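Here is the structure we will look at, set down as structure tokens.
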Amino acid sequence: MFIQAENFAKIAPYTQLFIQGILVTVLLSVFTVLIGFCIALVLALMRMSNVCPFRSLGLDKDGHMREGGFLLLLSRFNPLSFLATAYVEILRSTPVLVQIFIIYYGVFGMVKLPGFEMFGFIKFSRFFPGVVALGMNSGAYLCEIIRAGIQSIDGGQTEAARSLGLSQVQNLRYIILPQALKNILPAIANEFVVIIKESAITYTIGVQDIMSAVNAVKGATFVIVEPLLVATAIYFCLCFPTSKLIAYFERRMSRGDKR
Numbered sequence: 212m213f214i215q216a217e218n219f220a221k222i223a224p225y226t227q228l229f230i231q232g233i234l235v236t237v238l239l240s241v242f243t244v245l246i247g248f249c250i251a252l253v254l255a256l257m258r259m260s261n262v263c264p265f266r267s268l269g270l271d272k273d274g275h276m277r278e279g280g281f282l283l284l285l286s287r288f289n290p291l292s293f294l295a296t297a298y299v300e301i302l303r304s305t306p307v308l309v310q311i312f313i314i315y316y317g318v319f320g321m322v323k324l325p326g327f328e329m330f331g332f333i334k335f336s337r338f339f340p341g342v343v344a345l346g347m348n349s350g351a352y353l354c355e356i357i358r359a360g361i362q363s364i365d366g367g368q369t370e371a372a373r374s375l376g377l378s379q380v381q382n383l384r385y386i387i388l389p390q391a392l393k394n395i396l397p398a399i400a401n402e403f404v405v406i407i408k409e410s411a412i413t414y415t416i417g418v419q420d421i422m423s424a425v426n427a428v429k430g431a432t433f434v435i436v437e438p439l440l441v442a443t444a445i446y447f448c449l450c451f452p453t454s455k456l457i458a459y460f461e462r463r464m465s466r467g468d469k470r
């Protein structure tokens, strides 16, 4: 038969592995979103910056704006926006698995990480590179969400902040970001659900997540399909209720805004 009930009995002794895998997956997702948010915020501000070091090249000798040409193009060059855009496009256009391997073998392969275990079973030397790789990838996607959230705030509020004597940093910190975060909170929460599923790929570098438990059970029992079904059920139980909870709070927040 395709699925045999007695095979689930063979899996039962390895329940602890799946429980540990759930804990690792949740921790991995939480830290990934936190790192991704910090990276995305920096990238969004870089993309929205107005740093043009060659701006003066766009003017002719009489001080008028040039009508065209290479110098005009160079005067509009924003290195911060260029770097942020390049980062986003590269990480969005390459497989997550490749990024994880580059970070784990290419970057942390040259760094001696501490060999301790968190909670007695999570290997930091495997967990941390996985978080960094997923966080960098998540930041590339969250960047556009945060940028859209900031740009959705009425520009009149920035003008009002300037008239009150607030600096650009104070305006961003006290006026723009609090409102933008409220608008993008559901999207960030949805990214958490996405990361729960995408984190399954980190088992390839030895992170003891749910898929790592599946591989351990398959190797010990030679049962293939049933451990995968258990993993499927676990991911569903993690993602589906979380998605519904996010949708509920999103509706509540929308009703609050209408009032």
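Residue numbers (the working numbering): 212 to 470. Cβ coordinates follow ideal geometry from the N, Cα and C atoms, glycine included. Note that the coordinates shown come from a computational prediction; the quantities given were computed from them, not determined experimentally.
- Taking C-alpha positions only, Pro-290 is separated from Leu-228 by approximately 48 Å.
- Counting only the Cα atoms, Thr-432 lies some 7 Å from Lys-221.
- Relative to the Cα of Val-299, the nearest Cα in the group Gly-350, Gly-341, Cys-450 belongs to Gly-350.
- Where Pro-397 is concerned, the enclosing alpha helix (DSSP H) starts and stops at 388-409.
- Comparing alpha carbon positions, the residue from Thr-296, Leu-353, Ala-424 closest to Phe-403 is Leu-353.
- It is roughly 6 Å from the alpha-carbon of Gln-310 to the alpha-carbon of Ala-344.
- In this structure, Ile-407 keeps its C-beta atom at 9 Å or more from the C-beta atom of Gly-247.
- Every alpha helix (DSSP H) stretch that sits fully inside the segment 231-295 and reaches 4 residues is listed by chain position as 281-286.
- Here Arg-287 is exposed. Its C-beta has fewer than 16 other C-beta atoms within 10 Å.
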